[in-house]
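Right, one structure below, let's go through it.
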Amino acid sequence: MPTLFKFITFCAVVAGTIFLGMYALATFVEPHPADLSFTVPADKLRKDDQR
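In terms of the UniProt record's numbering, the sequence shown is residues 1 to 51.
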């Protein structure tokens, strides 16, 4: 039983660390939106599947 308790404790600590890391990233990192544009070649727009 002590081994199971150690395993569960270890899993809880790892999950808590991951959760806190995600929370910190979501709270303290500000996203910078950017405009994306690219040209699609005309042959990619064909409706038939003969490529």
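Cβ coordinates follow ideal geometry from the N, Cα and C atoms, glycine included.
Only a predicted model underlies this, so the values are computations on that prediction, with no experimental measurement involved.
For lysine 6, the three-state secondary structure derived from DSSP is helix. A straight-line Cα-Cα distance of about 30 Å links isoleucine 8 and phenylalanine 28. DSSP, reduced to helix, strand and coil, places threonine 39 outside both helices and strands of the structure shown, so it counts as coil.
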